[in-house]
Amino acid sequence: MDGSEPGEDTPAAVLSGAPVELQARTVRIYCKAKAATQSGDWQKHHWRMDWDVLGRGHRWENPLMGWQSSADFMQGTHLNFKSKEDAIRFANKQGYEYFVQEPNERRIIPKAYADQFVWNSKPLKQVRTK
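Residue -1 is where the sequence shown starts when you use my numbering, and the numbers rise one by one after that.
Put into structure tokens, the structure is as follows:
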């Protein structure tokens, strides 16, 4: 993308003089998943945008310490938005290619202790204790 493409506006990344490597990156817009140890769903109300990891071997291992290093300066960067539409609007304004990953819907199956004692026409279930 160099600013000569047809469209409504010139992307802000082109006007700001951002590096070409940053302009050509694809961003992922998604809703962060709930942590397995938490019962609340606070993270469902926020949308997040982050840059895809670069391929082509931009990672190496430090021979002295054995730590992983990377030349990808956007690897640990993410942006938070209040809605999916805000994130899409921002990506369009910056001229980024994006894809939206929709969150999985939770299926809550209602359960009750009393359901164990409801009459059922099926044969009785035999449970062996010894």
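By construction, the Cβ of each residue, glycine as well, lies at the ideal position given by its N, Cα and C atoms.
Evaluate the contact criterion for the region 89 to 96 versus the region 110 to 119: three or more CB pairs, one atom per stretch, below 8 Å. No, the region 89 to 96 is not in contact with the region 110 to 119.
Buried or exposed: which applies to Gly93, given that a residue is buried once 16 or more other Cβ atoms fall within 10 Å of its Cβ? With 16 or more other Cβ atoms within 10 Å, it is buried.
Nearest candidate by alpha-carbon position, reference Ala85, set Met63, Gln99, Ala33 and Ala69: Ranked by Cα distance from Ala85, the first of Met63, Gln99, Ala33 and Ala69 is Gln99.
Figure out for me which residue from Gly74, Ser68 and Phe79 has the closest Cα to the Cα of Lys42. The shortest C-alpha separation from Lys42 is found at Phe79.
On the criterion of 16 or more Cβ atoms from any shown chain inside 10 Å, does Met63 qualify as buried, or is it exposed? So Met63 ends up on the exposed side.
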